[in-house]
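Each number in the numbering used here corresponds to the 1-based position in the sequence shown with 367 added. Glycine residues also receive a C-beta, built at the ideal position from the N, C-alpha and C atoms. Accompanying notes for the structure given below.
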Amino acid sequence: MKESTLLKQALRQVMSGQVPAAADPYRPGWHLAPAVGLLNDPNGFIQHNGRYHLFYQWNPLACAHGAKFWGHWSSADLLHWRHEPLALAPSEAFESHGCYSGSAVTDHGQLTLIYTGNVKYADGSRTAFQCLARQNAEGGFDKIGPVLDLPAGYSGHVRDPKVWRHNNHWYMVLGAQDLTLRGKVLLLRSEDLLSWHTLGEIAGSGLNGLGEFGYMWECPDLFRLADHDVLLCCPQGLPAEADHYLNTFQSGYFVGQLDHQSAHFPHGDFSELDLGFEFYAPQTTQTDDGRRLLIGWMGIPDGDEFYQPTVEQGWIHTMTCPRELTLVAGKIIQQPARELQQLRGTMQQWQGIAMDAPIWDITQAEVEIETDHPFSADFGSDLQLQWDGEWLRLTRNNRRSGLPEQRVWRGHLRHLSVLSDRSSIEIFINGGESVMSSRYFPALPARLTLKGDRQITLRHWSLADCV
Ligand code: FRU
């Protein structure tokens, strides 16, 4: 389909759909969500000329996956975001089935996007091109076209370039599937972003002491944190274990040291980034003040997503809140970006036996709970959190089957910080050792009720609207 037809359809959808979508009571007050249609991966997260830019995988035409566009928001403060002109719409043969995920860099002062042109053929096969687009004076993007064809030795699943600058070279990590159907991450180098040289596979199924570990790795990201190199990636095809890998696809990281010459990346074990029901395809950027920020998609491919009630209002999915990353004892710690504290209203503090606690309005709120005693929390509708002294369990009913399902964390609980926003909840455990992110659809206003016969301390803030 030519760009003009697709664009006209997209415009019609936005014009007719944005009012009902904006009126949906489940629409977040302080998280990013699509005006209409489906949002998935965060793309091109960057601070450029002092302003944050966040692009996103977007199908404006339906609440379904399809030929993806790149939407574009920008913000001075990570709180108030404005829509920028549409960045990319699939219009060319090299991206006929979508402008898929990728990243952004500042090249000679110009905001430059590197993304995957996804191409599917009638016989079910596919190929992929890594493509470049540069920002023009109107704030839109001019497509330069493909800068890398499918590398030899890989299937058509090669995508999601993340590019960074190191020692006066450009480097790229790419998600890939080899011809034996194993997921890999490739490292490439370039002098000018236009021609790329493959250095090798830095990680993947069957590499670096890892056994079989998935048939495809999506959305890699590589960055330096506390004198280590961290590789984020999303392996597909890991079998579920009792307390791990419970979502359809996983999102996690390896910590190691990357040799940029030899593409050697000895690394430790895979750790999941988030243990909730909805989290995938995160991307990070480094801020001007040196922080590493992460935003993820609060969704999962191929879950019970299309049973979410917002579909009836013409939109689906949100981003997570922006999170600050640090590395402590080889593990990533995630904390809500400090800017979010500006959304807090007056603090209310309460101390006593859990079951004596008042009922709290958590429609848009932040709640801290301090205790190491067993207790349970009901967030309204069908979402509950239970701490039994060893396991923390988040339980809800699967929207497709109606059956209860659980996500779990095991450890010594001291502190919880729960951030809610009308239809989502992000639970930061022990100051961000682990996080559980989930969408949920409570009766509004959402209420938090506590149970338990031991002492807790609770702090509550309402959070203001900002998007
Ligand atoms: C991850 C992903 C990426 C791809 C994009 C398409 O969610 O499948 O691998 O580029 O979404 O929207």
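- Residue closest to Arg849, alpha-carbon to alpha-carbon, out of Leu566, Ser829 and Leu554: The question about residue 849 has no answer, for the chain in this structure spans 368 to 834.
- Do the CB positions of Thr354 and Phe412 come within less than 7 Å of each other? One cannot answer for residue 354 here, as it falls past the ends of the chain, which runs 368 to 834.
- Item | Heavy atom of the ligand FRU within 6 Å of Tyr521 beta-carbon | Residue mapping note: residue 521 aligns to position 154 of the sequence shown, counting from 1. Every heavy atom of the ligand FRU is 6 Å or more from the Cβ of Tyr521, so no.
- Item | Minimum length 3: unbroken beta strand (DSSP E) runs contained in the segment 472 to 531 | 477 to 487, 493 to 502 and 508 to 515
- Is Asp745 close to chain C, meaning its C-beta is less than 7 Å from at least one C-beta of that chain? Given the protein chain composition of this structure (a single chain), no chain C is represented.
- Item | Segment limits, beta strand (DSSP E) that includes Cys600 | Within the sequence shown, residue 600 is the residue found at index 233, counting from 1. Taken as a continuous stretch (DSSP letters only), the beta strand (DSSP E) holding Cys600 covers His595 to Gln603.
- Gln701 versus Val802, Thr730 and His627, residue with shortest Cα-Cα distance: Looking up residue 701 in the sequence shown gives position 334. When only C-alpha atoms are compared, the closest one is Val802.
- Item | Meets three-Cβ-pair contact criterion under 8 Å: the segment 720 to 739 and the segment 630 to 640 | no
- Query: Is the CB-CB distance between Gln603 and Phe621 below 7 Å?
  - Reply: Start at 1 with the first residue of the sequence shown, and residue 603 comes out as number 236. Start at 1 with the first residue of the sequence shown, and residue 621 comes out as number 254. No, these two residues do not count as a Cβ contact at 7 Å.
- Look at the alpha carbon of Pro528 and the alpha carbon of Arg781, and state the distance between them as a whole number of angstroms. As a working note, residue 528 is residue 161 in the sequence shown. As a working note, residue 781 is residue 414 in the sequence shown. C-alpha separation (whole angstroms): 39 Å.
- Message: Are there any heavy atoms of the ligand FRU lying less than 6 Å away from the beta-carbon of Asn614, as far as the coordinates show?
- Response: Taking the sequence shown and counting its residues from 1, the one referred to as residue 614 is at position 247. Not so, every heavy atom of the ligand FRU lies at least 6 Å from the Cβ.
- Item | For Gly571, the three-state DSSP class (helix, strand or coil) | By 1-based counting over the sequence shown, the position of residue 571 is 204. DSSP places Gly571 in strand when its eight states are reduced to three.
- By DSSP, does Lys835 sit in helix, in strand, or in coil? An answer regarding residue 835 cannot be provided, because it is not within the stretch 368 to 834 covered by the chain.
- Message: So if DSSP puts Met539 in a beta bridge, which residue, or which two residues, is it bridged to?
- Response: Indexing the sequence shown from 1 puts residue 539 at position 172. According to DSSP, which records beta bridges pairwise, Met539 is partnered with Val530 and Leu555.
- Task: With DSSP as the reference, please indicate the residues paired to Leu825 in a beta bridge.
- Result: Walking along the sequence shown from the start, residue 825 turns up at place 458. DSSP output for Leu825 lists Trp717 and Ile736 as bridge partner(s).
- For the ligand FRU, which residues count as neighbours when the test is a C-beta closer than 6 Å to any heavy atom? Asn407, Asp408, Gln424, Lys435, Tyr467, Ser468, Thr483, Arg526, Asp527, Glu585, Cys586, Tyr647, Ala648 and Pro668
- Message: Just to confirm the assignment: which complete alpha helix (DSSP H) runs, minimum length 4, are found wholly within the segment 653 to 679?
- Response: none
- Task: Give the secondary structure of Asp610 by DSSP, where H, G and I count as helix, E and B as strand, and everything else as coil.
- Result: Against the sequence shown, residue 610 aligns to sequence position 243. In this structure, Asp610 counts as coil in the three-state DSSP scheme.
- Message: Counting C-beta neighbours from all protein chains within 10 Å, is the total for Gly484 16 or more, i.e. buried, or is it exposed?
- Response: Residue mapping note: residue 484 aligns to position 117 of the sequence shown, counting from 1. Buried, because 16 or more other Cβ atoms sit within 10 Å of the Cβ of Gly484.
- Message: In whole angstroms, give me the CA-to-CA distance for Gly506 and Pro452.
- Response: Here residue 506 refers to the residue found at position 139 of the sequence shown. Here residue 452 refers to the residue found at position 85 of the sequence shown. Their backbone Cα atoms lie some 7 Å apart in a straight line.
- Item | Local Cβ density within 10 Å of His398, reported as buried at 16 or more and exposed below that | Looking up residue 398 in the sequence shown gives position 31. By the neighbour-count rule (16 or more Cβ atoms within 10 Å), His398 is buried.
- Of the listed residues Ala429, Gln715, Lys435 and Tyr419, nearest to Ser463 (C-alpha basis): Here residue 463 corresponds to residue number 96 of the sequence shown, with the count starting at 1. Cα-wise, what sits closest to Ser463 is Lys435.
- Task: For Leu661, count neighbouring Cβ atoms within 10 angstroms of its own Cβ and tell me buried if that reaches 16, exposed if not.
- Result: Counting from 1 along the sequence shown, the entry for residue 661 is found at position 294. Per the 10 Å Cβ criterion, buried.
- Message: Here's a check: name, in chain order, each residue in its chain whose Cβ is nearer than 8 Å to the Cβ of Phe673, leaving out the five neighbours to either side.
- Response: Here residue 673 is taken as the residue at index 306 of the sequence shown, counted from 1. Cβ within range, chain order: Cys430, Ala431 and Ile683.
- Task: Can you give me the Cβ contacts of Gly756 inside the same chain, cut-off strictly under 7 Å, excluding the 5 residues immediately before and after it?
- Result: By 1-based counting over the sequence shown, the position of residue 756 is 389. If we look at Gly756 and ignore the five residues flanking it on each side, its Cβ neighbours are Pro741.
- Could you tell me whether the Cβ atoms of Asn407 and Gln424 are closer together than 7 Å? One-based indexing of the sequence shown puts residue 407 at position 40. One-based indexing of the sequence shown puts residue 424 at position 57. Yes, the Cβ-Cβ distance between Asn407 and Gln424 is below 7 Å.
- For Asp641, name the three-state secondary structure that DSSP assigns. Against the sequence shown, residue 641 aligns to sequence position 274. Three-state result, Asp641: coil.
- Kindly give me the distance between the Cβ atoms of Arg789 and Pro395, rounded to whole angstroms, as I take these residues to be in contact under 8 Å. Numbered from its first residue, the sequence shown carries residue 789 at position 422. Numbered from its first residue, the sequence shown carries residue 395 at position 28. Yes, Arg789 and Pro395 are in contact; Cβ-Cβ is about 5 Å, under 8 Å.
- Message: If you reduce the DSSP assignment to three classes, tell me which class Phe461 lands in.
- Response: Start at 1 with the first residue of the sequence shown, and residue 461 comes out as number 94. Phe461 falls in the helix class under three-state DSSP.
- In or out: Leu815 buried (at least 16 other Cβ within 10 Å) or exposed? The residue given as residue 815 occupies position 448 in the sequence shown. Buried is the call here.
- Going by the CB atoms, is the gap between Ala454 and Arg418 shorter than 7 Å? What you label residue 418 is simply residue 51 of the sequence shown in a count that begins at 1. What you label residue 454 is simply residue 87 of the sequence shown in a count that begins at 1. Going by C-beta atoms, Arg418 is not nearer than 7 Å to Ala454.
- Message: Are the CB atoms of Thr685 and Gly663 within a distance shorter than 7 Å?
- Response: Sequence index remark: in the sequence shown, residue 663 carries index 296 (1-based). Sequence index remark: in the sequence shown, residue 685 carries index 318 (1-based). Result no, Cβ atoms of Gly663 and Thr685 do not sit closer than 7 Å.
- Message: Run through the DSSP bridge pairs and tell me what Arg711 is partnered with.
- Response: The sequence position of residue 711 within the sequence shown is 344, counting from 1. Leu830.
- Message: For Trp584, report the span of its beta strand (DSSP E) as first-last.
- Response: In the sequence shown, residue 584 corresponds to position 217, counting from 1. Start and end: Met583 to Leu592.
- Closest residue to Leu707 among Lys375, Val381, His447 and Ile511 (Cα-Cα distance): Position 340 of the sequence shown holds residue 707. Selected option, being the one with the closest Cα: His447.
- Item | contact_flag[the segment 570 to 588, the segment 546 to 553] where n(CB pairs < 8 Å) is 3 or more | yes
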